[in-house]
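Student:
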Amino acid sequence: MQQKTLVMKFGGTSVGSADALISATQIIRDAQKDWIRIVVVTSAMSGVTNLLLDSANQIVGARSSRPVLGGEPPPLQDAENNLREKHFSAAEKLIKNKSLLEETKKEINALIQIFVNLCSAIQVLGEASPRALDAVASLGERMSLRLLTAVLNEAGIKAKGIEASEFIVTNSNFQNAHPDFHITKEKTQALLNPLLDEGNIVITTGFIGANAEGVITTLGRGGSDYTAAIIGSVLPANEVWIWTDVDGVMTTDPRIVSSAKTLSEISYGEIAELAYYGAKVLHPKTIRPVVDAGIGLRICNTFNPTHEGTRLTASGKKNGHVIKAVTAIQKQRLVTIEGRGMLGVPGVAARAFGAVASTKTSVPLITQASSEQSICFAVPSETAPSVLSALEKTFAHEIEEDDIDRVWSTDDVSIVTVVGAGMRHTPGVAGKVFSQLGNNGVNVLAIAQGSSEVSISLVVDANDTENAVRTLHELIVQ
Ligand code: ADP
Ligand code: ASP
Ligand code: MG
Numbered sequence: 237m238q239q240k241t242l243v244m245k246f247g248g249t250s251v252g253s254a255d256a257l258i259s260a261t262q263i264i265r266d267a268q269k270d271w272i273r274i275v276v277v278t279s280a281m282s283g284v285t286n287l288l289l290d291s292a293n294q295i296v297g298a299r300s301s302r303p304v305l306g307g308e309p310p311p312l313q314d315a316e317n318n319l320r321e322k323h324f325s326a327a328e329k330l331i332k333n334k335s336l337l338e339e340t341k342k343e344i345n346a347l348i349q350i351f352v353n354l355c356s357a358i359q360v361l362g363e364a365s366p367r368a369l370d371a372v373a374s375l376g377e378r379m380s381l382r383l384l385t386a387v388l389n390e391a392g393i394k395a396k397g398i399e400a401s402e403f404i405v406t407n408s409n410f411q412n413a414h415p416d417f418h419i420t421k422e423k424t425q426a427l428l429n430p431l432l433d434e435g436n437i438v439i440t441t442g443f444i445g446a447n448a449e450g451v452i453t454t455l456g457r458g459g460s461d462y463t464a465a466i467i468g469s470v471l472p473a474n475e476v477w478i479w480t481d482v483d484g485v486m487t488t489d490p491r492i493v494s495s496a497k498t499l500s501e502i503s504y505g506e507i508a509e510l511a512y513y514g515a516k517v518l519h520p521k522t523i524r525p526v527v528d529a530g531i532g533l534r535i536c537n538t539f540n541p542t543h544e545g546t547r548l549t550a551s552g553k554k555n556g557h558v559i560k561a562v563t564a565i566q567k568q569r570l571v572t573i574e575g576r577g578m579l580g581v582p583g584v585a586a587r588a589f590g591a592v593a594s595t596k597t598s599v600p601l602i603t604q605a606s607s608e609q610s611i612c613f614a615v616p617s618e619t620a621p622s623v624l625s626a627l628e629k630t631f632a633h634e635i636e637e638d639d640i641d642r643v644w645s646t647d648d649v650s651i652v653t654v655v656g657a658g659m660r661h662t663p664g665v666a667g668k669v670f671s672q673l674g675n676n677g678v679n680v681l682a683i684a685q686g687s688s689e690v691s692i693s694l695v696v697d698a699n700d701t702e703n704a705v706r707t708l709h710e711l712i713v714q
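The numbers in the sequence shown follow my numbering, run straight up by one, and end at 714.
(1) Which residues in the same chain as Lys245 place their Cβ atom closer than 8 Å to its Cβ, once the five residues preceding and following it in sequence are excluded?
(2) For Arg491, count neighbouring Cβ atoms within 10 angstroms of its own Cβ and tell me buried if that reaches 16, exposed if not.
(3) DSSP state of Lys567, grouped into three classes?
(4) Taking the alpha carbon of Leu375 as the point to measure from, which residue in Glu390, Ser401, Asn389, Ala386 has its own alpha carbon closest?
(5) Start and end of the alpha helix (DSSP H) containing Val665?
(6) Under the DSSP definition of a beta bridge, which residues are partnered with Lys245?
(7) Ligand 1 and Thr480: does the residue's C-beta get closer than 6 Å to at least one heavy atom of that ligand?
(8) Looking at Gly514 and Thr572, is the spacing between their C-beta atoms short of 7 Å?
(9) For the beta strand (DSSP E) that contains Ala684, what are its first and last residues?
(10) From the DSSP output, in three-state form, read off Val643 for me.
(11) Tell me which residue opens and which closes the beta strand (DSSP E) that Ile398 is part of.
(12) When every heavy atom of ligand 5 is checked, does at least one fall within less than 6 Å of the C-beta of Gly459?
(13) CB of Phe443 to nearest heavy atom of ligand 2: below 6 Å?
(14) Among Gln313, Arg378, Ala368, Ile348, which residue has its Cα nearest to the Cα of Gly248?
(15) Can you grab the Cα-Cα spacing for the pair Leu257 / Phe539, in whole Å?
(16) Quick one: measure Cβ to Cβ for Ser645 and Arg569, integer angstroms, because I've assumed they're closer than 8 Å.
(17) Return the CA-CA distance between Pro311 and Val352, expressed in angstroms with no decimal places.
(18) If I measure Cβ to Cβ from Arg320 and keep anything under 8 Å in the same chain, skipping five residues before and after, which residues do I get?
(19) Quick one: Cα of Thr424 to Cα of Gly283, how far?
(20) What are the residues that DSSP puts in a beta bridge with Arg534?
(21) Mind pulling the beta strand (DSSP E) runs of 3 or more residues that sit fully within the stretch 453-523?
(22) Give the C-beta separation of Gly575 and Ile640 to the nearest angstrom, bearing in mind that I take them to be a contact with Cβ-Cβ under 8 Å.
(23) Is Thr285 near ligand 2 - that is, is its Cβ less than 6 Å away from at least one heavy atom of it?
(24) Quick one: Cα of Pro366 to Cα of Gly664, how far?
(25) Quick one: does the C-beta of Arg642 sit closer than 6 Å to a heavy atom of ligand 1?
(26) Any idea if Pro582 is buried or exposed, counting beta-carbon neighbours within 10 angstroms, 16 or more meaning buried?
(27) If I measure Cβ to Cβ from Met486 and keep anything under 7 Å in the same chain, skipping five residues before and after, which residues do I get?
(28) Since Ile393 and Ile523 should fall inside the 8 Å C-beta cutoff, what is the C-beta to C-beta distance between them, to a whole number of angstroms?
(29) Going by beta carbon distance, what residues of the same chain come within less than 7 Å of Ile502, once the five residues before and after it are set aside?
(30) Using three-state DSSP, classify Phe324 as helix, strand or coil.
(31) Along the alpha helix (DSSP H) that carries Val352, what are the first and last residues, could you check?
(32) Starting from Val654, follow its DSSP beta bridges and name the residues at the other end.
(33) Specify, as a first and last residue, the run of the beta strand (DSSP E) that Leu601 falls within.
(34) Quick check: is the beta carbon of Ala473 nearer than 7 Å to any beta carbon in chain D?
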């Protein structure tokens with residue numbers, strides 16, 4: 237019997253070439269046999285979002301360093317050519333219908349022209365605001381929407397494209413916008429239901445929304461997974477499937493350890509920790525909407541579609557290993573506030589994190605020694621300078637009085653996290669983890685254990701990252 241509603245999201249590599257688009261088309265065709273209503277969320281073609289953002293950022297840098305009448309070829313021209321070549325070559329390979337091909341190329345060209353215009357505006361202003369960068373970044377998904385919809389139509393699949401900025405309404409926190417689920421639900425149902433009821437497969441853009449004034453926002457890098465979860469939860473859908481370039485959630489990043497294995501099932505708690513601590517395979521915000529709405533989530537491989545991939549379940553399968561997976565989040569710095577005068581002074585931590593929050597930085601890991609003589613936490617490396625200056629300002633008086641000796645940060649470090657729900661009931665896991673690292677020459681700079689006891693996180697020097705992940709992964713596979 238056919239099930240009702242499925243949302244499928246295709247990642248950048250899954251729509252990144254003519255061959256990938258052929259696989260995606262076949263997957264969509266197959267899903268039509270089992271599902272009555274299908275919504276497809278597409279990412280930008282692989283590499284496109286980076287290209288768009290790098291170009292916009294380079295223009296800001298170039299303005300101050302380049303002579304106005306210099307002879308260098310404009311880097312923008314290269315980006316423009318690249319975008320055209322990437323989208324047009326796939327379109328030309330897959331779309332035989334001449335007018336459909338011409339129309340698709342025209343629409344993509346118009347978006348590339350918007351990119352050029354936005355870059356000119358950025359160049360004139362000498363500044364790329366978060367709002368402008370979102371307008372630029374959104375173009376990748378907007379181009380792939382046109383391409384995928386046309387490819388499906390060419391293949392005889394009744395598909396209608398619609399941009400998610402029409403129905404995902406967010407706040408104005410550009411580059412990391414948060415949806416208003418209430419309005420989004422009304423709009424999504426009002427716009428998508430009629431299209432679905434007419435028998436269309438609805439194709440839409442991942443990653444983007446719009447604020448109440450209709451200005452384009454983005455949900456944060458890697459946010460197309462989140463788009464699929466938002467749509468799944470407000471329609472609502474029975475299942476959300478994330479199509480990517482690996483066989484599901486694995487014991488670690490297969491780019492670091494080639495022997496990593498797929499986990500056939502994973503619990504909510506486990507995937508939440510893995511995603512939060514750096515497993516790029518799923519955007520961390522994806523989990524909550526699907527869990528809250530009781531929707532099935534599956535992660536599967538566009539290039540190996542018969543593999544079952546990973547299913548998210550309430551409890552996760554016990555695979556006999558206490559540690560199920562290892563992950564790493566790189567380019568972090570440890571910030572330490574230290575001084576004997578902090579001992580027993582109330583409110584130091586609150587003021588410290590208030591200062592961090594004022595820089596809009598989120599803190600993935602915190603440790604405090606029991607003597608209260610230091611507070612130590614991790615922040616993304618690029619935010620460290622602004623975090624340090626906010627702390628120095630907040631504690632100017634204490635620093636002056638020598639109650640706080642110093643506020644400082646390390647060089648780049650990584651947070652390596654081992655994950656497994658079985659750790660809660662198994663004594664000695666932390667001991668095993670430390671011995672394994674110690675025996676392999678990895679020095680641990682700080683530790684933290686999640687209160688849910690599903691994970692243990694260790695901070696190591698950036699140069700030790702791969703060694704730490706490999707050596708901890710051996711605890712799973714042996
Ligand atoms: P997409 O473009 O489909 O969204 P991403 O590149 O965002 O794909 O995520 C998939 C990648 O995540 C994989 O190619 C893999 O290298 C990486 N990855 C990191 N950790 C894991 C893990 N534990 N399991 C699977 N993949 C992982
Ligand atoms: N294209 C966006 C990015 O590269 C969103 C995504 O792929 O999920 O971040
Ligand atoms: Mg992704």
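Positions of the beta carbon are idealized from the N, C-alpha and C atoms, including for glycine.
Tutor: Per the coordinate set shown:
(1) Val276, Val277, Thr278, Ser279, Gly442, Ser460, Asp461, Thr463, Ala464, Val476, Trp477, Ile478, Trp479
(2) exposed
(3) strand
(4) Ser401
(5) 665-675
(6) Partner(s): Val277, Ile478.
(7) yes
(8) no
(9) 680-685
(10) strand
(11) 395-398
(12) In the structure on display, ligand 5 does not appear, and the ligands it does have are ligand 1, ligand 2 and ligand 3.
(13) Yes, the Cβ of Phe443 comes within 6 Å of a heavy atom of ligand 2.
(14) Arg378
(15) 10 Å
(16) 4 Å
(17) 11 Å
(18) Ile344, Asn345, Ile348
(19) 29 Å
(20) Trp477, Arg547
(21) Secondary structure within the stretch 453-523: the beta strand (DSSP E) runs of 3 or more consecutive residues, fully enclosed, are 475-480, 501-503 (chain order).
(22) 4 Å
(23) yes
(24) 46 Å
(25) no
(26) exposed
(27) Ala496, Lys497, Thr498, Leu499
(28) That pair is no contact at about 30 Å.
(29) Val485, Thr546, Leu548, Gly552
(30) helix
(31) 334-361
(32) In DSSP, Val654 forms a bridge with Val562, Ile692.
(33) 601-604
(34) Although the question refers to chain D, the structure presented lacks it and comprises just one protein chain.
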